[in-house]
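Below: the structure, in structure tokens.
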Amino acid sequence: ETGVTQTPRHLVMGMTNKKSLKCEQHLGHNAMYWYKQSAKKPLELMFVYSLEERVENNSVPSRFSPECPNSSHLFLHLHTLQPEDSALYLCASSQDHGAGGGGTQYFGPGTRLLVL
Amino acid sequence: GQQLNQSPQSMFIQEGEDVSMNCTSSSIFNTWLWYKQDPGEGPVLLIALYKAGELTSNGRLTAQFGITRKDSFLNISASIPSDVGIYFCAGQGGTSYGKLTFGQGTILTVHP
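Those sequence lines, one after another, are chains X and C. According to our numbering, numbering within the first sequence proceeds without interruption in unit steps and concludes at 153. According to our numbering, numbering within the second sequence proceeds without interruption in unit steps and concludes at 251.
Structure, rendered in structure tokens:
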């Protein structure tokens with residue numbers, strides 16, 4: 038596997054379900070990101086992990102819970118979602134340079150989520 | 140917060156034509172990036188610009204980082220059907236991690 042992979046690629050869930058999205062990066066990067074992409078809206082940054090610490094939580098509802106067990110893996114745990122949460126969820130990774138700034142982000146293929 | 144205005148929102152062109160799209164910002168960015176997204180896939184990086192005034196090419200694509208650091212453009216020359224997709228600009232500010240602000244995207248349709 039190369040680059041950034043995401044599973045599952047498609048997910049349909051009911052509002053009472055609990056599910057998790059998984060992201061894995063094979064680029065040796067030290068920062069990982071979750072984005073939400075809804076129709077006709079710019080990509081919305083949800084969470085950022087740098088060196089396995091969460092450095093940004095962009096006012097995301099608590100029904101989304103991220104987890105970063107190591108620098109190569111990132112999860113997004115979903116619980117009691119709403120239909121408006123249906124979207125493409127994208128994971129990205131980059132190489133943080135500390136005070137030198139962030140590196141270029143590389144994206145995974147996304148998970149298409151439908152909440153019924 | 141930072142906002143990016145990307146235009147045009149959509150373009151319908153004939154194969155062989157040149158394409159130009161741009162992004163403007165109310166804030167200064169240190170890096171400008173251009174991505175392309177195909178249906179059902181994640182954005183793929185096309186060009187990265189790191190210095191004001193920088194002009195960079197990648198095949199038929201050319202992008203420039205504006206002198207004011209508040210704008211960037213992307214040109215595609217001699218378009219082909221596989222250029223179809225959504226093109227996003229993204230600006231990266233001065234945070235120590237690579238937080239990006241994205242434009243709304245330009246939907247490109249190329250007619251054979």
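Positions of the beta carbon are idealized from the N, C-alpha and C atoms, including for glycine. Note that the structure is a prediction, hence the values are computed from the model and not measured.
Taking the C-beta atoms as reference points, W171 (chain C) is found no nearer than 8 Å to S221 (chain C). Its chain contains V158, M160, T245, I246, L247, T248 as the residues whose beta carbon lies nearer than 8 Å to that of M150 (chain C), once the 5 sequence neighbours on both sides are disregarded; these appear in chain order.
Of the candidates C:N169, C:T240, C:E156, C:L143, C:E156 places its Cα closest to the Cα of L200 (chain C).
Non-local C-beta neighbours of N144 (chain C) in its own chain, meaning closer than 6 Å and more than five positions away in sequence, comprise T163, ordered along the chain. Chain-ordered, the chain X residues with CB closer than 8 Å to the CB of P182 (chain C) read L80, L127, F144. The DSSP-derived three-state label of D210 (chain C) is strand. Remark: C-beta atoms of L113 (chain X) and F101 (chain X) approach each other more closely than 8 Å.
Between L58 (chain X) and Q74 (chain X), the beta carbon gap of about 13 Å keeps them out of contact (Cβ cut-off 8 Å). Listed along chain X, the residues sitting closer than 8 Å to F241 (chain C) by beta-carbon distance are P79, L80.
With contact defined as three or more Cβ pairs closer than 8 Å, the stretch 191-208 of chain C and the stretch 123-131 of chain X are not in contact. Here the C-alpha atom of S109 (chain X) lies approximately 43 Å from the C-alpha atom of Q153 (chain C). If the five residues before and after T207 (chain C) are omitted, its C-beta is found closer than 8 Å to the C-beta atoms of I167, A191, all from its own chain and listed in chain order. K190 (chain C) does not reach chain X, its nearest Cβ partner there being about 13 Å away, counting only Cβ pairs nearer than 8 Å.
Shown here for P178 (chain C): same chain residues with a beta carbon closer than 8 Å to its own, the five before and five after excluded, namely G224 in chain order.
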